[in-house]
Every structure is written in C-alpha cells, then in structure tokens.
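I have placed the structure first, in the form of structure tokens, so that the comments after it can refer back to it.
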Amino acid sequence: MLLHLLCVLFGVACVKSDQDWSLLRQRLSPNAKITPGSQNVRWSEYAAPNPGAVVSVGCEDDVAKVITYANQKGAPFLVQSGANGWADTFTLGSNGVLIDISPLKSISFSSDRTQVTFQAGVTNQEMISAAWANNSRASTGTCNCVSVLGAALGGGLSRTQGLYGMVTDQLLSINYVDGDGNKKTVTPRSDADLWWAFTGAGANFGIVTSAVFKSYPIPQAKNTAWTGILTFDQSKLEQLFEAVNQLNLEPEMELDLYFSALPPTFEPTILALPFYVGTEEQARQKFAPILNVGPTTDAAQVIPYNTWNAAGDSFCSKGDRKPSYTAGVHTMDPAAWRSIWTEYLAFVDEHPEALNTTILAECYSTQKAIEIGSQKKSSFPFRDVKCHVAIIPWYTEATLDAEANTFGQTIRSYLAPKNLSAYINFAHGDESLDAIYSSSLPRLRQLKQKYDPKKRFNQWFPIS
C-alpha cells in the first residue's frame with residue numbers, strides 16, 4: 001500500500017518491489033529524490049536496467065547512505081551519471097536501486113588552473129564549458145553528453161590524448177564509496193593497487209563521487225583546433241582507408257571516420273572528421289594523405305575549444321534501441337571496410353526505420369598513452385590500439401533486435417575475425433572478459449577479491 005501511494009505521489013507506473021523506499025527517504029539529504037518504479041531514461045533502451053526505484057542523490061554523502069541501505073536489505077544497486085552505458089551486462093531487477101548521481105555538478109579550478117575538482121555528475125560539455133571560462137583545457141571525451149568520470153574509469157578516449165594521455169591519466173585523486181558504504185579517498189600514492197584498478201576497471205571497485213583532474217592553462221584565443229566534416233564518394237572508400245594507414249597520427253592529431261546518413265538528404269555517406277591542435281596550414285599538411293583522396297565536401301576550419309565536440313551532438317539523443325558493438329584495430333583493411341559498407345547499405349535499405357544506424361571509427365595518436373602506460377599505474381589495457389570502432393544499429397522497435405544484433409556481430413567479425421580487443425566503454429556485453437580486460441584480468445581478479453569481496457559492484461562487465 002505504501003509503495004502504491006508513493007507511485008501515485010510521483011505519478012509513475014510502479015514496478016513490483018519488496019523494498020519500502022520510505023525508510024531510505026528518511027536517511028537522505030533534503031534535495032534527494034526517490035522515484036519508485038520509474039522508467040529509467042537512458043541513451044539506449046536496449047537491455048536497459050529496470051530498477052525498483054531511482055534515487056537521485058542530493059549530495060555525495062547520499063551515495064554512502066544508499067549503499068548502506070541496499071546492503072541492509074540485500075538489494076543490488078547500480079550507479080548512473082550520464083546514462084550512456086549501452087552494454088547488456090546489467091542485471092538490476094525490480095528489487096534493485098539505481099543511484100542517479102547526475103545532480104552532482106560542482107566544478108572548481110585551482111588558483112593556478114592546473115587542477116580541477118569536480119563531482120561525478122559533470123558531463124564532458126559541462127567540464128569543457130567550465131574550463132573554457134577559466135582559460136584552461138581539460139582532456140575529456142568526444143561526446144558532450146557523456147559523464148567525464150564514467151568514461152575515465154574505463155580508460156577514456158580523448159581528442160587530445162596524443163598530448164595528454166587517456167582521460168583516466170588525468171585523474172589525480174578519487175573520492176569514492178566502497179561496497180560497505182564507507183566514504184574513502186584514493187591516490188596513486190595512498191594505494192597503488194586500488195588506483196591501478198580504478199583507472200581502467202573502476203566500475204568494479206566502487207562508486208566515485210568526485211575527483212581531482214589535471215587541467216592545462218591556455219588563453220581562449222589560443223585554445224583552438226582545426227576540424228570539420230569531410231565527405232567522400234563511396235568509389236573512394238579503398239583509397240580513403242589506405243590513406244588512414246599511411247597517416248602518421250602525431251600528438252596533435254585525431255581522426256574520426258563514419259558511415260552515416262546525414263540531413264537533409266539522409267543518404268548513407270562516408271565521412272571523415274580530422275582534428276588538429278594547431279593552424280589550418282599545419283593541419284592540411286599533416287592530413288594530406290586524407291585530403292589528397294579528394295573529399296566531395298570540406299567543412300574543416302579552426303574552431304574554439306568549447307565547440308570541438310559539436311559535430312557529435314546528434315549522437316547524444318536519448319531513447320530508441322542501440323545494441324552496439326566494438327572492435328579495436330591497429331590498421332585498416334580496405335577490403336574489409338568495403339564489405340562493411342555493403343553490409344551497412346543493405347541493413348539500412350532493408351530497415352528504413354534504422355536509418356540512424358552509424359559505424360564510427362575513432363583513430364588516435366598512441367605514443368603518449370603508451371608512454372604513460374609504461375609506468376604501470378593504470379589497468380587500461382589497449383593503449384597501443386590506433387582505432388576503436390563502434391557499430392551502432394539505431395531503431396525504435398524491439399522486433400528488430402535479433403537482426404540488429406546479427407548485423408553488429410557481422411561487422412565486428414570483419415574487423416576482428418580473431419583476437420578481439422574491446423574497449424569497455426564501447427563493448428556490447430557478449431565479449432569474453434579477456435577481450436575486455438586483456439592482460440590486466442588476472443591481477444584485477446585478485447584485487448576484486450581484496451577490495452570488493454562481497455561482489456557488490458557487479459553490473460558493468462563484472463570481473464567476478
């Protein structure tokens with residue numbers, strides 16, 4: 001009866017649950033909200049968790065209180081910030097609680113602007129806007145709507161990782177809550193083992209509520225880069241992907257490649273998005289192998305730091321079904337990409353409702369990431385991978401799930417017929433743990449037994 005009254009109060013359809021969430025409500029801060037049986041809005045509806053309640057915290061201390069309550073009730077829990085994780089590893093059911101940390105938005109820069117302290121609800125766009133306002137640069141991910149920490153704890157890819165390393169390499173200290181509900185802080189010096197685990201497999205070891213990050217003081221006038229969309233006729237596909245192999249991605253460079261259908265024509269198109277921290281003249285020299293292929297259109301120009309991610313904003317649309325897959329590759333096989341293009345055309349032609357389907361390759365300079373990785377302070381295993389490919393079927397009706405998954409698996413097989421490397425933040429959930437954690441897996445399993453022996457953090461590619 002009490003749960004029914006709460007559902008009526010919040011105006012939602014309830015999921016049957018054995019939990020009395022009113023007891024938790026008494027323990028939380030005034031700004032916290034509990035929504036029993038709510039529909040959880042995520043980037044993808046496919047395999048989304050279906051909790052008995054969503055708890056939107058009002059402060060960092062609420063996270064510890066929710067975990068303590070869940071432990072007392074024997075209830076599973078899952079943390080959510082940007083709600084972009086698309087894997088199908090979630091097992092949260094109607095007796096579970098989803099801990100929404102997206103309201104935690106505090107951001108503050110040190111006086112010399114070399115460090116930024118921020119809470120776990122901060123997105124890439126929010127961090128970029130704050131850094132821009134402070135005449136600084138933070139090395140964040142490439143999608144504005146993604147949580148900075150959500151990406152960082154799985155490694156984190158960044159347009160500027162050639163200069164600064166992975167997003168996880170920007171972390172200086174972490175405030176987190178452990179599986180017993182204890183609030184703690186960890187740094188590379190305070191606990192080298194736990195720090196190593198957090199920076200690559202963090203979702204398995206605690207809920208991070210805030211962190212300290214590196215930032216780089218740069219005046220707005222100099223905080224610019226050359227980037228923009230190039231389109232290519234499909235007849236030049238092989239030339240383009242061979243040019244990618246010839247391209248020497250220096251620290252200032254990054255390159256995205258897409259198969260996508262863009263407005264206003266919504267015709268399937270081959271696109272490239274080169275990126276260079278420097279002048280247009282320098283950029284066009286560095287990307288000459290790509291430009292010499294002969295793009296149909298060229299919109300690349302020098303733009304300010306606070307707009308670098310704008311080209312990907314269409315990917316931030318929440319809802320619909322997007323059962324995505326990934327593979328990491330060191331070189332591009334033009335013949336394989338011709339087959340992928342053919343498969344992509346056939347899929348969107350047969351299923352017009354899936355016209356938003358996209359295949360994306362993000363290619364990075366690896367030298368800095370490898371250099372930092374040689375210090376062995378991070379568990380992220382794929383620092384030498386040049387390109388991470390995301391295969392994103394995108395549609396609305398669940399009746400297409402089986403064909404969409406077959407499509408994703410087929411494309412992945414062209415990219416990695418064996419020895420799959422799967423970046424955790426792009427992975428689907430059907431991969432082996434070896435494909436996700438690679439050489440870090442044995443040590444991660446040992447540390448899991450030490451730091452989370454009760455296996456409370458078990459929703460995101462669980463190690464045990």
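Under this note's numbering, the first residue of the sequence shown carries the number 1, and numbering increases by one thereafter. Glycine included, C-beta positions come from ideal geometry on N, C-alpha and C.
Buried or exposed by the 16-neighbour rule on C-beta atoms within 10 Å, applied to residue i
| i | result |
| --- | --- |
| L255 | buried |
| N134 | buried |
| L345 | exposed |
| G37 | buried |
| Q375 | exposed |
| R42 | buried |
| A422 | buried |
| A361 | buried |
| N204 | buried |
| I370 | exposed |
| A221 | exposed |
| D20 | exposed |
| N248 | exposed |
| D452 | buried |
| E476 | Beyond the ends of the chain as shown, which are 1 and 464, falls residue 476; an answer cannot be given. |
For residue i, the nearest candidate out of the options (CA to CA)
| i | options | result |
| --- | --- | --- |
| T357 | A327, D320, S365 | D320 |
| G58 | G52, P51, R27, Y69 | R27 |
| G278 | S29, A300, P295 | A300 |
| K377 | W337, P264, H388, A197 | A197 |
| K318 | L271, K455, C143 | C143 |
| L273 | P264, E267, T297 | T297 |
| I359 | I370, P323, F382 | P323 |
| L288 | S190, K184, E242, D349 | One point to set straight first is that residue 288 is Ala, not Leu, in the sequence displayed. Ranking S190, K184, E242, D349 by Cα distance to A288 puts E242 first. |
| V54 | P381, P453, V66, Q285 | V66 |
| V348 | F266, A398, T307 | F266 |
| P263 | I290, E238, A311 | A311 |
| S56 | M332, A47, K33 | K33 |
CB of residue i within 7 Å of CB of residue j, strictly
| i | j | result |
| --- | --- | --- |
| F118 | I107 | yes |
| Q161 | Y364 | yes |
| G181 | A64 | yes |
| A131 | I174 | no |
| I372 | I391 | no |
| F275 | T342 | no |
| L92 | Q80 | no |
| A427 | A192 | no |
| M166 | G150 | no |
| V293 | K236 | yes |
| A261 | L194 | no |
| N433 | L441 | The residue asked about is misnamed: residue 433 is Leu in this sequence, not Asn. Yes, these two residues count as a Cβ contact at 7 Å. |
| I270 | F232 | yes |
| L444 | A201 | yes |
| N407 | P393 | Position check: residue 407 holds Phe in this sequence, whereas Asn was assumed. The answer is yes: Cβ separation under 7 Å. |
| S94 | G52 | yes |
| V208 | Y258 | no |
Straight-line Cα distance separating residue j from residue i
| i | j | result |
| --- | --- | --- |
| L23 | A83 | 26 Å |
| N498 | E281 | Past the edges of the chain, shown from 1 to 464, lies residue 498, and the structure says nothing about it. |
| S464 | N419 | 22 Å |
| T224 | Y164 | 16 Å |
| L230 | Y305 | 20 Å |
| G121 | S147 | 6 Å |
| Q115 | Q170 | 9 Å |
| C316 | S413 | 27 Å |
| R456 | F77 | 8 Å |
| D430 | G85 | 15 Å |
| L104 | A336 | 44 Å |
| S438 | P30 | 44 Å |
| D112 | Y69 | 41 Å |
| N405 | C145 | 25 Å |
| D384 | K73 | 44 Å |
| D62 | P49 | 21 Å |
| R189 | T168 | 16 Å |
| D178 | N40 | 24 Å |
| L2 | G96 | Per-residue confidence for L2 stands at a pLDDT of 38, beneath the threshold of 50, marking its modelled position as unreliable; no derived number is given. |
| S379 | T199 | 6 Å |
| F461 | I424 | 8 Å |
| K184 | K386 | 35 Å |
| F10 | A327 | Because F10 sits at a pLDDT of 37, beneath the cut-off of 50, its placement in the model cannot be relied upon, and the point is left open. |
heavy atom of the ligand FAD below 6 Å from residue i C-beta
| i | result |
| --- | --- |
| C316 | The ligand FAD is not part of this structure, which contains no ligands at all. |
Residue i - partner residues in DSSP beta bridges
| i | result |
| --- | --- |
| I303 | A225 |
| D298 | L230 |
| Y216 | R137 |
| K184 | Y176 |
| V57 | V57 pairs with nothing; no bridge assigned. |
| M253 | Y276 |
| Y364 | E254 |
| D100 | S56, Q80 |
| F118 | I107, A211 |
| V63 | Its beta-bridge partners do not exist; DSSP assigns none. |
| F259 | I270, I359 |
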